[in-house]
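Asker:
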Amino acid sequence: MRESCRGWSASETNGPVDAGKVFDDAIAFHDKRIAGSEVTMTDHLAYAICALNEIPSQRAQGFHLMIVAEDGSQQPWPIIVIRWGRQVFGYLNRCPHDGVNLDWERNQFLDQNGTRLMCGKHGALFELGTGNCVEGPCKGQSLTPVALAVLDNDICVTGVTLVEDGEAASGRADA
Ligand code: FES
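Structure representation (structure tokens):
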């Protein structure tokens, strides 16, 4: 895992928007939700998890990362990264009703229109910008947002302490 994003600050999250309106709205809501969440960025570190162009625009990719929890233990931290142009959204890859990964088939996260996240097992649909389930067994519940930033053409995770390469296995879901 690269560390080229060290020194990132929260004010750098708002980049240019080059997406359609549905994604403009989604981006605005997602950033607001991250800002209002319990994510803290006390150390201002960000961890590059892949290059921006490694995820095609309008596609989603899963990552199996490891996080350092508050008690110091290392825990699995599977996340979904969705890219639209230079914008990215992140969520824990964990359904709110059943706690399992959404991609029943590896890295198949989006519905056929490519505008919502979908549980491959039950067909539940989640809005990209809010993570809210709008259809399915967890309707009314939400995915947990993950703070991301695009820096130096890398997609970076921030607001958490990740276990870095060499300390534990981590990386892309398809690696
Ligand atoms: S696991 Fe929750 S909708 Fe499928």
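In this note's numbering, the protein residues as written are 12 to 186. Note that beta-carbon positions come from the ideal geometry of N, C-alpha and C, so glycine has one too. Fair warning: this is a prediction, and the values are worked out from it, not measured in the lab.
Excluding five sequence neighbours on each side, which residues of the same chain lie with their C-beta closer than 8 Å to the C-beta of leucine 173?
Answerer: Same-chain partners within the cutoff: Met12, Tyr58, Leu76, Met77, Ile78, Val79, Trp88 and Ser181.
Asker: Nearest-angstrom Cα distance between alanine 160 and isoleucine 166?
Answerer: One C-alpha to the other measures close to 6 Å.
Asker: Let me make sure I understand the geometry here. Which of Pro156, Cys144 and Leu139 has the alpha-carbon closest to that of histidine 133?
Answerer: Nearest option by C-alpha distance: Cys144.
Asker: Which residues in the same chain have their Cβ closer than 6 Å to the Cβ of glutamine 119, if we skip the five residues on either side of it in sequence?
Answerer: Correct list, in chain order: Gly131.
Asker: Could you give the DSSP three-state label for leucine 76: helix, strand or coil?
Answerer: Three-state DSSP puts leucine 76 in a strand.
Asker: Over what stretch of residues does the beta strand (DSSP E) that includes leucine 128 continue unbroken?
Answerer: Note, leucine 128: beta strand (DSSP E), 127 to 129.
Asker: State the CB to CB distance for the pair alanine 62 and asparagine 164, rounded to an integer number of angstroms; the pair is presumed to be in contact (CB under 8 Å).
Answerer: Their Cβ separation, rounded to whole angstroms, is 6 Å, which keeps alanine 62 and asparagine 164 in contact under 8 Å.
Asker: Nearer than 7 Å: is that true of the beta carbon of alanine 71 relative to any heavy atom of ligand 1?
Answerer: Not so, every heavy atom of ligand 1 lies at least 7 Å from the Cβ.
Asker: Which whole-angstrom value describes the C-beta separation of glycine 73 and isoleucine 91, a residue pair presumed to lie in contact below a C-beta threshold of 8 Å?
Answerer: At roughly 6 Å, the Cβ-Cβ gap stays under 8 Å, so glycine 73 and isoleucine 91 are in contact.
Asker: Can you determine whether any heavy atom of ligand 1 sits closer than 7 Å to the C-beta of aspartate 114, and answer yes or no?
Answerer: For ligand 1, not one heavy atom lies less than 7 Å from the Cβ of aspartate 114.
Asker: Suppose the cutoff is 8 Å on Cβ atoms and the five residues either side in sequence are ignored; what does the same chain contact list for arginine 127 look like?
Answerer: Contacts found: Leu121, Leu136, Phe137, Glu138, Leu139 and Val145.
Asker: Please output, in chain order, the residues near ligand 1 using a CB cut-off of less than 6 Å to any non-hydrogen atom of the ligand.
Answerer: Those residues, listed in chain order, are Cys106, His108, Asp109, Val111, Cys130, Lys132, His133, Ala135, Gly147, Pro148 and Cys149.
Asker: Roughly how many angstroms separate the alpha carbons of glutamine 98 and proline 67, rounded to a whole number?
Answerer: Between glutamine 98 and proline 67, the C-alpha separation is close to 12 Å.
Asker: So what's cysteine 167 in DSSP terms, helix, strand or just coil?
Answerer: Of the three classes helix, strand and coil, the one that applies to cysteine 167 here is strand, per DSSP.
Asker: Classify leucine 56 as helix, strand or coil using the three-state DSSP reduction.
Answerer: The answer is coil: DSSP assigns leucine 56 none of H, G, I, E or B.
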